[in-house]
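Numbering of the sequence shown is given in full-length UniProt numbering, commencing with residue 8 and proceeding in unit increments.
Cβ coordinates follow ideal geometry from the N, Cα and C atoms, glycine included.
In this text the structure is predicted, and so the values were computed from the model without any measurement.
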Amino acid sequence: QTIFRKDYLPPSYLVDTVELGFDLDPARTIVASRVTLRHNPASKSRDIVLHGEALELVQLRLNGKTLRPGQYELSGSTLTIRKAPLAVVLEIETLTAPVKNTTLSGLYVSNGNFFTQCEAEGFRRITYFPDRPDVMAKYTVMLRADKALYPVLLSNGNLIEQGELGDGRHYAKWEDPFKKPSYLFALVAARLVCQEERYTLQSGREVLLQVWVEEGNLDKTDYAMQSLKNSIRWDEQRFGLELDLDRFMIVAVGDFNMGAMENKGLNIFNTKFVLANSRVATDIDYAGIEAVVGHEYFHNWTGNRVTCRDWFQLSLKEGLTVFRDQEFSADMIGTDSGRAVTRIDQVRTLRQAQFPEDAGPMAHPVRPDSFVEINNFYTVTIYEKGAEVVRMYQTLLGRDGFRKGMDLYFERHDGQAVECDDFRAAMADANGRDLGQFERWYSQAGTPVVRAETNYDAIARTFDITLRQHCPASAGQEHKLPFHIPVAVGLLGADGRDLALSTDAKDRQGQATVVLELTGEEQTFRFHDIAERPTPSILRDFSAPVVLEYDYTDAELLHLFSHDSDPVNRWEAGQRLAMERLLKLTTAVATGKPLALDATFIAAQRALLVDETLDPAFRELALILPSETIIAEQMEVVEPQAIHSARQFMRRTLAAALKPELLAQYHANQTPGAYSPDALSAGKRALKNLALSYLLIAPQEAELALARQQFAEAGNMTDRAAALVALIHSGAEVGEHLHSFYQDFEHEALVVDKWFAMQAAAPGTDVAAVRKLMEHPAFTLKNPNRARSLIFNFTNGNPSQFHAADGSAYEFWAEHVIKLDALNPQVAARLARSMDRWRRYTPALQAHMQRALERVAAHARLSNDVLEVVSKALAGA
Ligand code: ARG
Ligand code: ZN
């Protein structure tokens, strides 16, 4: 059943207060709710509609009187009271069984402790309630539980009372002073310990910060705490936004569907984004923790104080908050080149995951018009493309203009549930700009293609750039209207330096980079006083989420690759050089032609590798070849094995040609001494480990010894894991290494995840090997991190094996989508999406994939989650 944005109706009743009482018991938790409602003058209906799922209704009273069946209507998902009075107090008692809740939505048990996850629609699995984000109320929560088993009782806001109940039970009463939608409700009842700290805000007010974890993990909370303090400071400084509570808690839980959740004052996190020390966490894990701690903290203003009117507006909070966490991470590094490295990572994510989504059967606009299951719309489009859309405001309005827009947004909407349009209006009004056309970024799906052509007139000394845009059709959107696209441009002279630009826009004379605003289908922009034909650097800093087409010559790309002052485009030039060759090599593999790599390309790679004026982190990124997935996206008909062989050939050839330089970089970028996750050290490790991985392609004994030594002596997980991965990929015998790694870390769940993940993604691991790994005692489908580590890293991270010619891995996929769906529909639906791009493969593979999809679709009792994904995949695009 599809839900449409156009069908939005305001709630018939508004809620002022909610009092919740929990008698917590894993098998039988009693939830008593007392809700005061009043009729919403904006609604014609006098029916109270409450949502409820997987609940047993024990008792229902309206204004003191018990309602009998017949005085209300109960469907599978709603409880309706018709023709209600204007002012209503509802008292509802329900029963749930948290220990049986494998969906990890609502109230559930993880490792013997109670946790909740209510976004998007989990609150309705806790009690009957108008579970929609435009119903905002004040909550008071009373928790009762066995004291020995659950010594810690937490909920949103402030702790106002606690004590003993006799019979070994105790209680805690929490009050959240802020109105909130039900999706921000949370409770934790658990045996946990915390790292805590009093922290002084810029205003001088003191707050209590806590990071709660299981007892054995108290040695892994420092970085999360530090990241939280940095986040608080950053939001004060960059946006003038202060923490509005006296207490802010982060709680880590091992069973969690997503990354983390911004519940008011009580953020609940996947352990993956909290726990770190140098022994168990990699540089990438540290960066993830900083970003996610920031993200959830920043939601306190962008999401919680101002929330979404309905779930179609999800990107209002997610796109904006991702943008904020991206800016936070960039500012934490502090240098221009560090900032650029974070930007390049963002571009890679878009190309790896968002562009394919935008071109596939699940394509949707940043503000969707319809959905079947909202949990399927926590996507890279809503999050990452949404962040790009927010970034474009800043590119168009400048940092100060963007800040003015943010200020006006809060001035207008604090305490409200609003729409994406309200954010756009605040940006426009605060800057006196017409952003009407910009709306199309919210309403039209698909990745726009911008085609550039240039013309140099030596006599007039002008350089013209003509930009033409079009956007491929997507489901339900045949023809699209032109977008408002900021295209940042610089021009390089023959010496590699930026020209000072003189354009028709008089206010931007003399700049190295100008932002051209493409609003029509085709526009020409003229640059004056250009003494010689320049090399254009177009879409600097990836100023818009588009595909840029320009017929660069190799010479131009090499020029940009060695000189562009814009690091993103400098990196981009390298990617274009590589991609061109990878596509040719792939065709050569497929048609049995001989393979070769030109000396020019090798020389360019060499020059970059040894360029000491560049950050190691940048060099590492510039040397990573486009992924197999990104190569596949460029092809008419995808042949995964050919892509894999072509890319391997390029890697092998580069490794052989650059061996002395790689070895030198390996030694030059060691990070001796105490581990530190700072960007410079992490960049050195990244470059060193990239060098190692190259050296281990067709290795001699000396290289193997190097990797084995690093594996044995590494003082941190980054180096240890990198050495093991390099060894696995080298094809050498690694049974012993895998065994000892497992032995060392078998009690560290997040490291065991890595152990499964690195095997799942290795090109030597076929589906039979994955099935074998599933028999390992540490494997379970019930824990999302574990399921993802093995299964998703195989289906999404090992394309040449997943797309085995006999279709056996697709059968494996179908089997596990079905198995997972019975436990956890959200996780199952994510796995289901591995098949999104099935129509792009060879006819033989397509036939196998179609059969697997049909097998899932034909399964009785599928969740809405999986049904939506597979039926859209079978239907089109
Ligand atoms: N709002 C959370 C975050 O980004 C994501 C929670 C989504 N959960 C879900 N089950 N759909 O930051
Ligand atoms: Zn978020």
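Any idea which residues DSSP pairs residue 569 with across the strands? Bridge partners of residue 569: none, in fact.
When you compare each of 13, 286, 873 and 101 to residue 317 by their alpha carbons, which one comes out closest? 13
Go to residue 256, then tell me how far its beta strand (DSSP E) extends in each direction, as first and last residue. 254-260
Where does residue 58 land, buried or exposed, given buried means 16+ other C-beta within 10 angstroms? buried
Can you tell me whether DSSP reads residue 490 as helix, strand or coil? coil
Compare the C-beta of residue 796 with all C-beta atoms of chain B and state if any pair is closer than 7 Å. Included in the structure is just one protein chain, with no chain B present.
Under 7 Å between C-beta atoms of residue 567 and residue 585: no
Could you pull the DSSP bridge partners for residue 219 from this structure? 201 and 258
How about residue 792: is its Cβ closer than 6 Å to a heavy atom in the ligand ARG? no
Can at least three beta-carbon pairs, one atom from the region 439-455 and one from the region 477-489, be found at a separation below 8 Å? yes
Looking at C-alpha atoms only, which residue of 91, 290, 106 and 115 is the closest neighbour of residue 690? 290
What I want to know is whether the C-beta of residue 391 ends up closer than 6 Å to one or more non-hydrogen atoms of the ligand ZN. no
Cβ-Cβ separation, residue 161 to residue 195 (assumed contact under 8 Å), whole Å: 4 Å
Alpha helix (DSSP H) segments (min. 4 residues) lying fully within the region 695-755: 708-720, 724-737 and 742-752
Pull up the CB-CB distance for residue 678 and residue 658, whole angstroms please, since I reckon it's below 8 Å. Contact flag wrong, Cβ pair sits at about 25 Å.
Pick out the complete alpha helix (DSSP H) segments inside the region 798-883, 4 residues or longer, and give them in chain order. 806-809, 815-830, 832-839, 850-864 and 871-882
Please identify the residue among 225, 204, 386 and 357 whose C-alpha is closest to the C-alpha of residue 266. 386
Judging by CA-CA distance, which residue of 313, 286 and 17 is the nearest neighbour of residue 248? 313
Which residues in the same chain have their Cβ closer than 7 Å to the Cβ of residue 668, if we skip the five residues on either side of it in sequence? 613, 616 and 617
Which residues in the same chain as residue 421 place their Cβ atom closer than 8 Å to its Cβ, once the five residues preceding and following it in sequence are excluded? 312 and 313
In terms of residues, what are the limits of the alpha helix (DSSP H) holding residue 231? 229-246
Residues that residue 52 bridges to, as DSSP identifies them: According to DSSP, which records beta bridges pairwise, residue 52 is partnered with nothing at all.
Under 7 Å between C-beta atoms of residue 816 and residue 824: no
What residue range is occupied by the uninterrupted beta strand (DSSP E) comprising residue 634? Unbroken run through residue 634: none, as it is neither H nor E.
Is it true that the CB of residue 394 sits closer than 7 Å to the CB of residue 412? no
Less than 6 Å between the CB of residue 168 and some heavy atom of the ligand ZN, yes or no? no
Who are the near neighbours of residue 23 in its chain, counting only those whose CB is closer than 8 Å to its CB and skipping five residues on each side? 43, 44, 45, 144 and 145
Does any heavy atom of the ligand ZN sit closer than 6 Å to the C-beta of residue 328? yes
Can you tell me whether residue 382 sits near the ligand MG, meaning its C-beta is under 6 Å from at least one heavy atom of the ligand? For the ligand MG, the structure offers nothing, since it holds only the ligand ARG and the ligand ZN.
Using the C-alpha atoms, what's the distance from residue 277 back to residue 700? 30 Å
Who are residue 188's beta bridge partners in DSSP? 143
I believe residue 596 touches residue 649 by the beta-carbon criterion, under 8 Å. Please report the beta-carbon distance rounded to the nearest angstrom. 4 Å
Any heavy atom of the ligand ARG within a distance shorter than 6 Å of the CB on residue 256? no
Under 7 Å between the Cβ atoms of residue 572 and residue 505? yes
When burial is assigned at 16 or more other CB atoms within 10 Å of the CB, is residue 141 buried or exposed? buried
Cβ-heavy atom distance, residue 460 to the ligand ZN, below 6 Å: no
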